[in-house]
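**Student:** Those letters in the sequence shown? Residues 1 to 197, per UniProt numbering, in order. Ideal Cβ positions, reconstructed from N, Cα and C, are used throughout, including at glycine. Since the structure is predicted, the reported quantities are computational estimates derived from the model, not experimental observations.
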Amino acid sequence: MAKYSQSLYTQRLLSLPILQSIEDLSVKTRLPSPLLSQYLNDNSRYYCHISVPKKNGGYRPIDSPNRQLKAIQRWILRHILEKLQPSVYATGFVPGIALKRNAIPHTGNQYILKLDLKDFFPSIKASYVYSVFRAAGYSKQIAYSLTSICTLNGYLPQGAPTSPCLSNLVCLRLDQRIGKYCDRHALTFTRYADDIS
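(1) Would you report the Cα separation of K83 and A186, rounded to the nearest angstrom?
(2) Can you give me the Cβ contacts of Q176 inside the same chain, cut-off strictly under 7 Å, excluding the 5 residues immediately before and after it?
(3) Would you say L156 and L166 are within 7 Å of each other, going by their C-beta atoms?
(4) Counting only the same chain and skipping the five closest in sequence on each side, list residues whose C-beta sits under 8 Å from that of L77.
(5) State the DSSP-derived secondary structure class of D24, mapped to helix, strand or coil.
(6) Tell me the DSSP secondary structure of S123 in three-state form.
(7) So if DSSP puts H49 in a beta bridge, which residue, or which two residues, is it bridged to?
(8) Contact between the region 130 to 146 and the region 18 to 25 is defined here as three or more beta-carbon pairs at a separation below 8 Å; is this criterion met?
(9) Let me know if Y47 comes out buried or exposed under the rule of 16 or more other beta-carbons within 10 Å of its beta-carbon.
(10) What are the start and end residues of the alpha helix (DSSP H) that includes C150?
(11) Distance check for H79 and K140, CA to CA, integer angstroms please.
(12) Rounded to a whole number of angstroms, what is the C-alpha to C-alpha distance between A90 and K180?
(13) Thinking residue 198 and G159 are a contact (beta carbons under 8 Å), I'd like their distance in whole angstroms, please.
(14) Using CA atoms only, rank isn't needed, just tell me which of S44, C150, R173 is closest to Q85.
(15) What are the partner residues of Y155, as DSSP defines its beta bridges?
(16) What are the partner residues of A160, as DSSP defines its beta bridges?
(17) Over what stretch of residues does the alpha helix (DSSP H) that includes I178 continue unbroken?
(18) Identify whether I15 lies in helix, strand or coil by the three-state DSSP scheme.
(19) Three-state secondary structure (DSSP) at M1?
(20) Taking the continuous alpha helix (DSSP H) assigned at L36, which residues delimit it?
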């Protein structure tokens, strides 16, 4: 089977929208091609940067996309990302799964080790996001376009509606590797966003 038809097969199998060109993306998102091109070339001017105080001190940087870019990102979230499965160890940012699900597997354990992944969203590079879209069966051009819409200055922005789901998909291999290790050593492992337990 040719690589091109394998991509289409993957997209159909996962019930993903068939996107073979920027025009297809324009039609599906109902956004004129020239405007879509602006978001693909340099989307940094379409973000508002704010700092939100953290409970334990310091500030959390938030990059919030403008209304139109956020609408495109929500379309990508609903029609593509939410159809892809995160790892069984991921309990944060998964629709229908509450924070409680992260704690339940650890109930009754004598010890719990909690780790925080530092600078979680900014450490997720655009190349990792690109790999998620390629693995979903999209061509290089479409994967690059979707990545450009979902990233800011080469990283995953905290504040974009696609970032939480993308972070889970990017961490799939990490979760599987840690999960295998923990299974071999009779340990319990879950990941809630950037918190590993």
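**Tutor:** In short:
(1) 31 Å
(2) S87
(3) yes
(4) P161, T162, C165
(5) helix
(6) coil
(7) D63
(8) yes
(9) buried
(10) 140 to 150
(11) 19 Å
(12) 14 Å
(13) Outside the displayed span of the chain (1 to 197) sits residue 198, for which this structure offers no information.
(14) R173
(15) K125, L152
(16) Q158
(17) 172 to 184
(18) Note that residue 15 is Ser in the sequence shown here, rather than Ile. Note: S15 maps to coil in three-state DSSP.
(19) Only weak support is given to the placement of M1: the predicted model assigns it a pLDDT of 45, under 50, and the value that follows is read from those uncertain coordinates. In the structure shown, M1 sits in coil (DSSP, three-state: anything other than H, G, I, E or B).
(20) 33 to 41
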